[in-house]
């Protein structure tokens with residue numbers, strides 16, 4: 001099963017730092033107007049289910065902040 005690359009995770013972490021108030025435990029990029037990096041992430045490594053992986057990764061980051 002494919003997953004996010006290290007570079008993609010770095011980009012997501014940087015985006016999260018700037019937008020952590022918009023990210024909740026059940027984050028969906030489809031509902032976020034400020035998520036403008038999807039094309040960049042797909043350019044690095046596009047695969048079926050990438051949106052789900054991104055949503056889950058950002059939700060995990062939000063959980064870590066809450067702890």
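In my numbering, the protein residues as written are 1 to 67. Virtual Cβ for every residue (Gly too), placed ideally from N, Cα, C. Predicted model only: the values in this text are computed from it and were never measured.
Under 8 Å between C-beta atoms of residue 61 and residue 26: Their beta carbons are not under 8 Å apart, which means residue 61 does not touch residue 26 by this criterion.
Assign residue 23 to one of two classes, buried (16 or more other C-beta atoms within 10 Å of its C-beta) or exposed (fewer than that). With 16 or more other Cβ atoms within 10 Å, it is buried.
Rounded to the nearest angstrom, how far is the Cβ of residue 51 from that of residue 29, given a contact under 8 Å? Correct: roughly 6 Å between the Cβ atoms.
Short of 8 Å in beta carbon distance, which residues of its chain neighbour residue 65, apart from the five on each side in sequence? Order them along the chain. The beta carbon of residue 65 lies closer than 8 Å to those of 20 in the same chain, with the five residues before and after it left out.
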